[in-house]
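Asks:
Chains as they are written, first to last, in this note's numbering: chain A, 28 to 459; chain B, 304 to 594.
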């Protein structure tokens, strides 16, 4: 009898524990929860949270979830279960961002941005803000407005090792300006048995980034957008020219061995340790390289232009952005905190401690020299999130994997262009 | 009284049934249901597409089938080499050799290591520029054999397969060893008295008695290898191009890269059905072989 009673009690306790485990945390009115994935910034965020609590009495909990893939999954799962925190970020394309907005997970910040004659908006880099903005008549069907706050700015371009430049007999203060010069340096690199360009091309989005840079340079923004809209095929001679650049880079020896399966962390280690002449990386690399090798002598440069027809355009804008949960009972407090976080002093603190470009224009004074070079190139930036249209993920994957095939000499640029176009047509037909 | 007793029995199994239903049956039904929708995983609305996702997988998704072939290749290597090595080592350790307990521990180290760690260590060993393997080959005056093992389409999949075998043979070793230890020693002694040599004993006693164990190891190898992906992510990320793509990576790509949750669910169901079918065929085949 006692055994039965005990078993029943155990069952009840288990059920209660199960129920408690499934229940969410009770919200506290004096605390704000922020979810993020930025491992390198947790310490700085915690310090800022302490300062904010001291000033306002509101506690801010920065909860770090890494790596970024795991973070992305967590945010999606939380969105499905409507358990998103007060402030969070999204790692994904504009399409995903739009879905979060449509599902009511993101607060429209336009009114906050525009109050006091647009004081908040004016402080931030317009290009960084644009990534979180939807214009009139956007293809995603989102009400025009600002839906996110950039906390830093990034640009993705090339960096080169000045010491290795000297070893190759090159002027360390004059990086290659044209693609032809770049290819010539590639030949020198090959002859000297050194490694050329390293990058995270095993994570295909970085190939996509450089391919788009050259697409903008060779055919201009309008034609790139027209391609995404399906009005220009990928078999167009200009696209083949873009793909051929990768073949030329491989043939010249400017690409490091094993680049097609290289992850960015490995690329960063190779460059930081002086084992590669060039790297294609984002401005966040300044902090990474500093951590790996503070004595690294390098500089930033735009990818060498392949054409004079259009300017060289690089990806950039908002590095990381925070969004306010549209369903949060503390949405107003969360907005106030983000206003404070993007204010001059906090942005200067973040820039100084994390070596990332601040999103606040007025906080650029205390940044290192190389980072200032990245900052100078913000004017050349664009980003898929501001184009108003998105390419099908299957097409992006086919293009990126196709470029890998060109580099490993398995496909010609023409073959890749034709395969990408086939997938594009399939996706367009599906959409219709 | 009988009703009370039956009720009691039901109450006792209820927690297990509940847990099994909540964590296995309901998610399975849900995944199957989601497979019939086009959904990005965020929006509250889903578009019903019927069996269109399954049709696309079966007839239009070439990369999916390419990834199945890749997984099949890794599985074949694992079935043949990994299990052969596991069996031979188990057989050696089952005999009266010195330090056999030490070997048992050593052989079981790879399976208990984290797949990510193993992947990264082997990535470093096989690195084309600074890897240990190429350094050794150069030191052995064989520089013509050096290459980018993981970036070369000729070697990437085989390199990944070999590392997978290295990582996984310990499980097979353990199961084979347990199986070998269940064979009565008297059988070998009787065979020896009858004049059988070592090969005859092995062929006529060890092999037939080990068939059920080999079937179990084979099924576990197929299921484990077909679903391998962590090691591959850590070593090649599925590249170069699609040369080391495997089905689980494709499911992840559908979910994360394309935000097609419905399609990813349909891929998961299709993959599950294929695995069940393979296991069933393997089981039937082994039953016949045993008979």
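Where is the CB? At the ideal position from N, CA and C, for every residue including glycine.
#1: Between the segment 235 to 248 of chain A and the segment 316 to 325 of chain A, can you find at least three pairs of beta-carbon atoms closer than 8 angstroms?
#2: Check whether the Cβ atoms of residue 255 of chain B and residue 381 of chain B lie closer than 8 angstroms to each other.
#3: What residues in its chain sit with their C-beta under 7 angstroms from that of residue 477 of chain B, if we drop five residues either side in the sequence?
#4: Does the beta carbon of residue 16 of chain A sit closer than 8 angstroms to a beta carbon anywhere in chain B?
#5: Closer than 8 angstroms by beta-carbon distance: list the chain A residues that pair up with residue 553 of chain B, in chain order.
#6: Just the C-alpha distance for residue 433 of chain A and residue 287 of chain A, rounded to the nearest angstrom, thanks.
#7: Using 8 angstroms as the limit for Cβ to Cβ distance, is residue 313 of chain B near chain A?
#8: When we look at the beta-carbon of residue 131 of chain A and count the other beta-carbons within 10 Å, is it buried (16 or more) or exposed?
#9: From residue 255 of chain A to residue 82 of chain A, what does the alpha carbon distance come to, in whole angstroms?
#10: Within a Cβ cutoff of 7 angstroms, which residues of the same chain sit near residue 405 of chain A, ignoring the five residues on either side of it in sequence?
#11: Tell me the rounded alpha-carbon separation between residue 553 of chain B and residue 291 of chain A.
#12: Could you list which residues in chain B have their beta carbon closer than 8 angstroms to that of residue 229 of chain A, in chain order?
#13: For the segment 328 to 352 of chain B, which residues have a CB atom closer than 9 angstroms to at least one CB atom of chain A, in sequence order?
#14: So for residue 351 of chain B, helix, strand or coil by DSSP?
#15: By the criterion of Cβ-Cβ separation under 7 angstroms, what are the contact partners of residue 451 of chain B in chain A?
#16: Determine whether the Cβ of residue 290 of chain A lies closer than 8 angstroms to any Cβ atom of chain B.
#17: At 8 angstroms on the CB atoms, spell out the chain A contacts of residue 430 of chain B, in chain order.
#18: Kindly confirm or deny that the segment 250 to 268 of chain A and the segment 353 to 360 of chain A touch, where touching means at least three C-beta pairs closer than 8 angstroms.
#19: Name the two residues that bound the continuous beta strand (DSSP E) containing residue 350 of chain A.
#20: In chain order, which continuous runs of the beta strand (DSSP E) of length 3 or greater are located wholly inside the segment 267 to 353 of chain A?
#21: Does the separation of the CB atoms of residue 113 of chain A and residue 66 of chain A fall below 8 angstroms?
#22: Determine whether the beta carbon atoms of residue 158 of chain A and residue 414 of chain A lie at a separation below 8 angstroms.
#23: Assuming residue 212 of chain A is part of the beta strand (DSSP E), what are its boundary residues?
#24: Could you tell me the distance, in whole angstroms, from the CA atom of residue 434 of chain B to the CA atom of residue 588 of chain B?
#25: If distances are taken between C-alpha atoms only, which option among A:174, A:218, A:207 and A:312 comes closest to residue 187 of chain A?
#26: Jot down the residue ranges of each uninterrupted alpha helix (DSSP H) in the segment 454 to 525 of chain B, minimum 4 residues, whole runs only, in chain order.
#27: Which of the three DSSP states, helix, strand or coil, is assigned to residue 58 of chain A?
#28: So what's residue 222 of chain A in DSSP terms, helix, strand or just coil?
#29: Could you say which of B:586, B:564, B:562 and B:550 lies nearest to residue 575 of chain B if we only look at CA atoms?
#30: Verify whether the separation of the beta carbon atoms of residue 450 of chain B and residue 431 of chain B is less than 8 angstroms.
Replies: To lay it out plainly:
#1: no
#2: What the structure shows of chain B is the stretch from 304 to 594, and residue 255 of chain B is not part of that stretch, so it cannot be assessed.
#3: Position 174 of the second chain, counted from the start, is the residue given in the question as residue 477 of chain B. Around residue 477 of chain B: 411.
#4: One cannot answer for residue 16 of chain A here, as it falls past the ends of chain A, which runs 28 to 459.
#5: Looking up residue 553 of chain B in the second chain gives position 250. Those do not exist, as residue 553 of chain B stays about 10 angstroms from chain A at its closest Cβ, beyond 8 angstroms.
#6: If you number the first chain from 1, residue 433 of chain A lands on position 406. If you number the first chain from 1, residue 287 of chain A lands on position 260. Each residue's alpha carbon lies about 10 angstroms from the other.
#7: Residue 313 of chain B sits at position 10 when you count from the first residue of the second chain. Among the CB atoms of chain A, none fall inside 8 angstroms of the CB of residue 313 of chain B.
#8: What you label residue 131 of chain A is simply residue 104 of the first chain in a count that begins at 1. By the neighbour-count criterion, in which a residue is buried when 16 or more other Cβ atoms sit within 10 angstroms of its Cβ, residue 131 of chain A is exposed.
#9: Numbered from 1 along the first chain, position 228 holds the residue referred to as residue 255 of chain A. Numbered from 1 along the first chain, position 55 holds the residue referred to as residue 82 of chain A. Each residue's alpha carbon lies about 48 angstroms from the other.
#10: To locate residue 405 of chain A, count along the first chain from 1; it is residue 378. 152, 154, 180, 182 and 343.
#11: Stepping through the second chain from its first residue, residue 553 of chain B is reached at position 250. Stepping through the first chain from its first residue, residue 291 of chain A is reached at position 264. Residue 553 of chain B and residue 291 of chain A: Cα-Cα distance of roughly 21 angstroms.
#12: Along the first chain, read from residue 1 onward, the residue named residue 229 of chain A stands at position 202. Within chain B, the residues near residue 229 of chain A are 539, 540 and 542.
#13: 343, 344, 345, 346, 347 and 348
#14: As a working note, residue 351 of chain B is residue 48 in the second chain. Residue 351 of chain B falls in the strand class under three-state DSSP.
#15: In the second chain, counting from the first residue as 1, residue 451 of chain B sits at position 148. Residues of chain A passing the Cβ test: 284 and 285.
#16: For the purposes of this step, residue 290 of chain A is identified with residue 263 of the first chain, where counting begins at 1. At least one chain B Cβ lies under 8 angstroms of residue 290 of chain A.
#17: What you label residue 430 of chain B is simply residue 127 of the second chain in a count that begins at 1. Result: 285.
#18: no
#19: Within the first chain, the letter at position 323 stands for residue 350 of chain A. First-last of the beta strand (DSSP E) with residue 350 of chain A: 348 to 351.
#20: 303 to 309, 325 to 328, 341 to 345 and 348 to 351
#21: Numbered from 1 along the first chain, position 86 holds the residue referred to as residue 113 of chain A. Numbered from 1 along the first chain, position 39 holds the residue referred to as residue 66 of chain A. Cβ atoms of residue 113 of chain A and residue 66 of chain A: not closer than 8 angstroms.
#22: As a working note, residue 158 of chain A is residue 131 in the first chain. As a working note, residue 414 of chain A is residue 387 in the first chain. For residue 158 of chain A and residue 414 of chain A, no; Cβs fall outside 8 angstroms.
#23: Indexing the first chain from 1 puts residue 212 of chain A at position 185. Counting along the chain, residue 212 of chain A falls outside any beta strand (DSSP E), though it belongs to the alpha helix (DSSP H) covering 206 to 218.
#24: Residue numbering aside, residue 434 of chain B sits at position 131 when the second chain is read from its first letter. Residue numbering aside, residue 588 of chain B sits at position 285 when the second chain is read from its first letter. For residue 434 of chain B and residue 588 of chain B, the distance between alpha carbons rounds to 42 angstroms.
#25: Along the first chain, read from residue 1 onward, the residue named residue 187 of chain A stands at position 160. Checking every option, the nearest Cα to that of residue 187 of chain A belongs to A:312.
#26: 459 to 484, 488 to 496 and 501 to 504
#27: Taking the first chain and counting its residues from 1, the one referred to as residue 58 of chain A is at position 31. Strand at residue 58 of chain A.
#28: Indexing the first chain from 1 puts residue 222 of chain A at position 195. Strand at residue 222 of chain A.
#29: Along the second chain, one-based indexing puts residue 575 of chain B at 272. Answer by Cα proximity: B:550.
#30: The residue labelled residue 450 of chain B in the question sits at position 147 within the second chain. The residue labelled residue 431 of chain B in the question sits at position 128 within the second chain. Yes. Within cutoff.
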